[in-house]
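For what it's worth, my numbering labels the leading residue of the sequence shown as 348, then goes sequentially.
The C-beta atom is built at its ideal place from N, Cα and C for all residues, glycine as well.
None of the values given here were measured: they were computed from a predicted structure.
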Amino acid sequence: LMPITETVTRYYLRFTTIDKPGVLAKISGILGDHHVSIASVYQSEPIRSRRGVPILIVTHHAKEGNLINAIKKIDRLSVIKAKTIMIRIEE
């Protein structure tokens, strides 16, 4: 049996961030440093009633252990307002 951290699949990620230039660059830089490639990104306009701006990312196939390490680092950034949500995309 293979450890879950060795699983390779695509992932859906939801970050809740502050509305500030450079946030996406910080997130994508950390993902890249951990060998996680981005397939698509969606960032909505900020809404006053919300507590942060959502950034949605779908990755290319990546090793779960690499992604977990990247998310740990991303969640420590001052621009992140809530814990990152990660969902495996089963194909």
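**OP:** Quick one: residues in its chain with C-beta nearer than 7 Å to the C-beta of Arg435, no 5 flanking neighbours on either side, listed in chain order?
**Re:** Here residue 435 refers to the residue found at position 88 of the sequence shown. Taking C-beta separations shorter than 7 Å and ignoring five residues to either side along the sequence, the partners of Arg435 in its chain run Thr356 and Tyr358, following chain order.
Original post:
Taking the continuous alpha helix (DSSP H) assigned at Val370, which residues delimit it?
Top reply: As a position in the sequence shown, residue 370 is number 23, starting the count at 1. Val370 -> alpha helix (DSSP H) spans Val370 to Asp380.
Subject >> Close Cβ partners of Ile450 (< 6 Å) along its chain, the five nearest in sequence each way excluded >> reply: In the structure displayed, the chain extends from 348 to 438; residue 450 sits before or after that span and is not available.
**OP:** Could you check if Ile374 is buried or exposed, using at least 16 other CB atoms within 10 Å of its CB as the buried criterion?
**Re:** What you label residue 374 is simply residue 27 of the sequence shown in a count that begins at 1. Ile374 should be labelled buried.
Original post:
Grouping DSSP H, G and I as helix and E and B as strand, with all else coil, what is Leu360?
Top reply: Taking the sequence shown and counting its residues from 1, one reaches residue 360 at position 13. The answer is strand: DSSP assigns Leu360 an E or B state.
Original post:
By Cβ distance below 8 Å, which residues in the same chain neighbour Thr352 in space, the five residues on each side in sequence not counted?
Top reply: Counting from one through the sequence shown, the residue named residue 352 turns up at place 5. Taken in chain order, the residues that qualify are Lys410, Glu411, Gly412 and Ile415.
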